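As structure tokens, the structure follows; a few thoughts come after it.
Protein chains in written order, with the numbering used here: chain G, 1 to 650; chain E, 651 to 1300.
Right under this line is the structure:
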């Protein structure tokens, strides 16, 4: 088949104005063999989505033929990128990727949807050529926007192609992503909609009508149309799109199940593979046969293929010198974060070899303390992205940017950064995206705004995402250190900070606890004070109240140890057990009592077989709206409440 | 002021064609005093959003003057409803509600944003006249759609008015809600956009441009415009909107801070109250004075007002007879749910006094087993809502419907029903909405679809929502009973079921464990088998594997008790401790090991001071894509793994 590929070399990088008949024929020949492989994949697996795979297949094929993306350059920074938003068309995408040499079809075809194989049912980054794992619909365009923003920030000039299903067009997140793209004038991005008019429940016009061209147009995109199974039509539309100075969408007219006579236009094949006699017929129509099928099927019992994904590199950044806040400073943790971010961004800007920092805001820059960064970014506006009140698209775009050569920071109120965007953060985690999400105004500390704005589940939600760290600093000094550490980390980090000014924590000698000698170590449990009769284990905002309680108990002759867990998910169980010892334990947190620090401590100790009597203070209902101290007191989270809890255990 | 209200009686229920000059003047006089109150509220609280409150105030006032909504009928089923989507304009809405007699201004003005008061910073259902608590932007229109759908299902004929901010227009969920409304031809719903062009970060055209009329029009809405501070213009637009046979949006031109000279058009007053000399001036301009202000401020130290919200009533439904599945039946739990739902719906349909059941689908009816209900609903199409792939809007609409006289059921894959819509479910919980969410395909049981589709955090997320129950049945019999129980419950319930056929659990005598004598009791721990040496505590899907492990251990002479927790959030700690006793405990779940049943058990036992050695088996990373049994085995969740875990503890 190599002659076909030779014939197509001329259109690589869109170098020709139009396809020759020979090129179109070569593409069609390649597509036929890919269709055969896609059908075999799903039939060997006994599950999958052959209908959509065949519908999208020519779109994948024209992109792999003409984009600046090959097996040889697939990790080059300046490559073009393809994002498949409708990840269930995986069999189509995989078969075309293998035809273009990204991996061996003898590896992909038999191992599709095989436990332990990277060829998952929905496209995943473990497969070469897949830039972003999708599957939950509506997120792909946002990822493409993130890639395009990173490309622009780095001056790389790559193009981004996003393929989408028609059934997912109603997802609101797509509209959000469209608006970021058009506001940012991202002409490097091209969307291609696989418009076969069929979704699971029937024709899209019946299930949920969407005026696709009007909506994309109203959001500032140029709308083109083409025949999604004609290579000359597809190539022509792509050429027109790439020549325009604004983002373009190409509505590609397609047929569900294209290429197999009895599958075409049949919604049942959305999620059902072909089997039995029909399989024989399908393979015959596609130039294959059952012998090849059986050969492939036998390979399913061979060794598992390995995924190609490598670890995220550590950012190259000078993290600067610590800022030491003293007892006289009135500083909120969010402000300490903002100052550290602006400082690190400024000191690395323009230094060769350093990783650029790109920050995303959702209309809250002054509150989430991105304002300093925004001011810095006036000299490089491509580094500060105002995404508007569109948290779903912002979360995914920032996540995709974070795997693309920049340090991506998204700061937002906790309720938006992790509650509203939970599933976007979940997909970011699945994609192992090293996004730095700064959750501000967490806990009851955002008092007056009331229960809708009180993020009291930030640890619970981060805990439910594998591979994510969360840091909840106790004061501005620890925030400064944690923020700098975060920016240099290769992985995903949430930094959770409240709204109000927090007292600088001091040693018994009156100097800052997190002072000159301190450096942040993820997972470390801070021993703020020693004591023998009981332990208070506090998190973030509550450290100050814990120290107050210790003082009150000391007056009564009760000696209390105060520990602080800035890394609730990173604590080592045996270190915790050793620190706690045999004395009773009171945990306290500005977070739900059932799902945060106390729950983690209980599970750690239970697994370690280390038994101490314990009480867990935290949020036990949706909160009030009022002064933060009043709200905390009404929730039973004052220093007095901690004091009482310790006494009750003694 | 009562004469003004008398003069306005004629426009109640939109009974006049247009306003008289006298009526417009009366409304303006009322508005002036409301503006005074709104400014006082925020200034007494020392926080809040006066700018938007003054901008929206005339919109609230015309609605309260002309809608079929008064203090006397505010709980009548047939009333009109107002939803404030931009909940931060609370001071405006509260002041107008108090002017129209919904509560005493001496109660509301001083207690705004006071801890423990219902007059929260963002509108909440505890305040008379507030139909839906909002604050996280973008959700209000979906709530309005839910009310309109419930009105239609009940034939009540009420109108729904939704006020929205301009800054929230980019939120994707609004577009989703628009499409449900226009597909369902909900002409009873009217949206009013407070279009003052200002959001927190500046002019909306700069922060995130949105072509508001084009987008609403493309989604099938009639677009009208009016002067949002002219009562004749507002009333005229409302009259036009209500006469049209499709949903209408009225774009109301407004001015941020309207009515106070120095506040008008100043973005700083979005979130900052007036104080000092400026407060004196503002009150003067609004016909108030500092004496009244001080009188109100003094009331802030009086008794806290009470919220008006009452408990959700129990649905009136005949829950039918249990279906007993036997060992020969091949049934999946989702199918057992679907059959029970269709059965209960059918048997209550048309019976006077029964509560209608309305079900929401997001393009997955056949998979989530709503197909039986959909078939039943062919005779009453207003009971089955196909919301398309728009989970955010569906979640909120279903939530709002659930507080409005119907039993609302939303069935979706777990990853969509609770991961994608987590924040919508959080607002539903804040609104104490008794939604029944059926989460299907939970756990690793959706094997081949891979990690994006494996909902492994359903207990963790439900646990983070106060007031919500979650039920994870062990087999089709328990599912049938739990589904019927759920439909009769007055509160919020998640029902979590996997994809695959599950064996019917049997007693040692071979009869169904959850057989004829069984009725579901929320919180009950099922003792499937007794034993002395160790306890296995399983959840849902894992019960079968736990019984297999017990058998294997029995052969080795180890006697194991098997417990099943269908209500992981409802277990009683002391009951658990008593059942477990002193023997070692192994928990097993098709859910994250750190955040589900095992974590709950550890916390319960730690709080109870009941110490046993324990191991927690569960999901410890994002899962593979493949045959469910293979995926489970690779995760260490086979019967053999349970066996080994028990042995390791002995």
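Cβ atoms here follow ideal geometry from the backbone N, Cα and C, with glycine treated the same way.
Since the structure is predicted, the reported quantities are computational estimates derived from the model, not experimental observations.
Do we get a CB-CB distance below 8 Å when we pair residue 1052 of chain E with the residues of chain G?
Here residue 1052 of chain E corresponds to residue number 402 of the second chain, with the count starting at 1. Taking Cβ atoms only, chain G never reaches closer than 8 Å to residue 1052 of chain E, which makes this a no.
So, with DSSP's three-state summary, where would you put residue 720 of chain E?
Taking the first residue of the second chain as position 1, residue 720 of chain E is located at position 70. In the structure shown, the three-state DSSP call for residue 720 of chain E is coil.
Check whether chain G comes within 8 Å of residue 664 of chain E, counting only Cβ atoms and requiring the distance to be less than that.
As a first step, residue 664 of chain E is located in the second chain; it is residue number 14 there, counting from the start. With 8 Å as the cut-off, residue 664 of chain E does not count as an interface residue toward chain G.
Terminal residues of the continuous beta strand (DSSP E) containing residue 941 of chain E?
The residue given as residue 941 of chain E occupies position 291 in the second chain. Premise fails: residue 941 of chain E lies in the alpha helix (DSSP H), 940-949, not in any beta strand (DSSP E).
Below 8 Å, can you find three or more Cβ-Cβ pairs linking the segment 58-70 of chain G to the segment 5-12 of chain G?
yes
The segment 699-713 of chain E touching the segment 892-910 of chain E, judged by at least three CB pairs closer than 8 Å:
yes
Do the CB positions of residue 45 of chain G and residue 1225 of chain E come within less than 8 Å of each other?
By one-based count along the first chain, residue 45 of chain G stands at place 45. By one-based count along the second chain, residue 1225 of chain E stands at place 575. Using a Cβ distance threshold of 8 Å, residue 45 of chain G and residue 1225 of chain E do not count as a contacting pair.
I need the boundaries of the beta strand (DSSP E) containing residue 614 of chain G, first residue and last residue.
The residue labelled residue 614 of chain G in the question sits at position 614 within the first chain. Note, residue 614 of chain G: beta strand (DSSP E), 614-619.
Interface residues of chain G around residue 849 of chain E at Cβ under 7 Å?
On the second chain, residue 849 of chain E is found 199 positions in, with the first residue counted as 1. Those within 7 Å of residue 849 of chain E in chain G are 363.
With residue 380 of chain G as the anchor, note down where its alpha helix (DSSP H) starts and where it stops.
Here residue 380 of chain G corresponds to residue number 380 of the first chain, with the count starting at 1. Residue 380 of chain G: not part of any alpha helix (DSSP H); DSSP gives it neither H nor E.
According to DSSP, simplified to helix, strand and coil, what is residue 1190 of chain E?
Sequence index remark: in the second chain, residue 1190 of chain E carries index 540 (1-based). Helix, per DSSP.
In whole angstroms, what is the alpha-carbon distance linking residue 739 of chain E and residue 677 of chain E?
What you label residue 739 of chain E is simply residue 89 of the second chain in a count that begins at 1. What you label residue 677 of chain E is simply residue 27 of the second chain in a count that begins at 1. About 19 Å.
If I follow the unbroken alpha helix (DSSP H) through residue 492 of chain G, where does it start and stop?
For this step, residue 492 of chain G is matched to residue 492 along the first chain. In this chain, residue 492 of chain G is not harboured by any alpha helix (DSSP H); it is covered by the beta strand (DSSP E) spanning 492-496.
Beta bridge counterpart(s) of residue 42 of chain G as assigned by DSSP
Along the first chain, one-based indexing puts residue 42 of chain G at 42. Partner(s): none; residue 42 of chain G has no beta bridge.
Establish whether the CB of residue 524 of chain G and some CB of chain E are separated by less than 8 Å.
Walking along the first chain from the start, residue 524 of chain G turns up at place 524. For residue 524 of chain G, the answer is no, since every Cβ of chain E falls outside 8 Å of its Cβ.
Using three-state DSSP, classify residue 132 of chain G as helix, strand or coil.
Here residue 132 of chain G is taken as the residue at index 132 of the first chain, counted from 1. Coil, per DSSP.
Taking residue 120 of chain G as the query, report the chain E residues whose CB atoms sit under 9 Å from its CB, ordered along the chain.
On the first chain, residue 120 of chain G is found 120 positions in, with the first residue counted as 1. The contacting residues are 1098, 1099, 1100, 1101, 1102, 1274, 1275, 1276.
Which residues DSSP lists as bridging residue 1060 of chain E, in chain order:
The count along the second chain starts at 1 and reaches residue 1060 of chain E at position 410. Note: residue 1060 of chain E sits in a beta bridge opposite E:1010, E:1087.
Can you check whether the C-beta of residue 392 of chain G is within less than 8 Å of a C-beta belonging to chain E?
As a first step, residue 392 of chain G is located in the first chain; it is residue number 392 there, counting from the start. It does: the Cβ of residue 392 of chain G has a partner Cβ on chain E nearer than 8 Å.
Check whether the segment 1130-1144 of chain E and the segment 1167-1182 of chain E are in contact - that is, three or more C-beta pairs closer than 8 Å.
yes
Beta carbon proximity, residue 1078 of chain E to chain G, threshold 8 Å:
On the second chain, residue 1078 of chain E is found 428 positions in, with the first residue counted as 1. Output row for residue 1078 of chain E: interface = no.
Take residue 831 of chain E as the anchor and find which of E:792, E:1048, E:731 has the nearest alpha-carbon.
Here residue 831 of chain E is taken as the residue at index 181 of the second chain, counted from 1. Checked all of E:792, E:1048, E:731; the closest Cα to residue 831 of chain E is E:792.
Residue 57 of chain G: beta carbon under 7 Å from a heavy atom of the ligand GTP?
The ligand GTP is not among the ligands present in this structure, which contains no ligands whatsoever.
So, are the CB atoms of residue 401 of chain G and residue 149 of chain G less than 8 Å apart?
Counted from its first residue, the first chain places residue 401 of chain G at position 401. Counted from its first residue, the first chain places residue 149 of chain G at position 149. Against a cut-off of 8 Å, the Cβ pair of residue 149 of chain G and residue 401 of chain G comes out as a contact.
Does the distance from the CB of residue 442 of chain G to the CB of residue 455 of chain G come in under 8 Å?
The residue given as residue 442 of chain G occupies position 442 in the first chain. The residue given as residue 455 of chain G occupies position 455 in the first chain. Yes, Cβ-Cβ distance for residue 442 of chain G and residue 455 of chain G is below 8 Å.
Residues of chain E with CB under 7 Å from residue 419 of chain G, in chain order?
As a working note, residue 419 of chain G is residue 419 in the first chain. The answer, in chain order, is 1072, 1073, 1076.
Kindly list, in the order they appear in chain G, the residues whose Cβ is closer than 8 Å to that of residue 826 of chain E.
One-based indexing of the second chain puts residue 826 of chain E at position 176. The answer, in chain order, is 170, 171, 172.
Tell me which residues share the same chain as residue 1196 of chain E and place their Cβ nearer than 7 Å to its Cβ, disregarding the 5 neighbours each side in the sequence.
Working through the second chain from its first residue, we reach residue 1196 of chain E at position 546. Only 1186, 1188, 1212, 1238, 1292 meet the Cβ criterion.
So that I know if they touch, is there some Cβ in chain E lying closer than 8 Å to that of residue 479 of chain G?
Residue numbering aside, residue 479 of chain G sits at position 479 when the first chain is read from its first letter. So, not an interface residue.
Where does residue 881 of chain E fall in DSSP's three states?
Taking the first residue of the second chain as 1, we reach residue 881 of chain E at position 231. DSSP places residue 881 of chain E in helix when its eight states are reduced to three.
Under three-state DSSP, which class holds residue 88 of chain G?
As a position in the first chain, residue 88 of chain G is number 88, starting the count at 1. Helix at residue 88 of chain G.
Simplified DSSP assignment, three categories, for residue 429 of chain G
Residue numbering aside, residue 429 of chain G sits at position 429 when the first chain is read from its first letter. Here residue 429 of chain G sits in helix by DSSP.
8 Å Cβ cutoff, residue 386 of chain G in contact with chain E
Position 386 of the first chain holds residue 386 of chain G. Answer yes: the Cβ-Cβ gap between residue 386 of chain G and chain E drops below 8 Å somewhere.
Could you give the DSSP three-state label for residue 1248 of chain E: helix, strand or coil?
Counting from one through the second chain, the residue named residue 1248 of chain E turns up at place 598. Reduced to three states, the DSSP call for residue 1248 of chain E is helix.
Can you check whether the C-beta of residue 592 of chain G is within less than 8 Å of a C-beta belonging to chain E?
Reading the first chain from its first residue, position 592 is the one you call residue 592 of chain G. Yes, because at least one Cβ of chain E sits closer than 8 Å to the Cβ of residue 592 of chain G.
Tell me, please, which residues DSSP counts as bridged to residue 161 of chain G.
Numbered from 1 along the first chain, position 161 holds the residue referred to as residue 161 of chain G. Partner(s): G:82, G:190.
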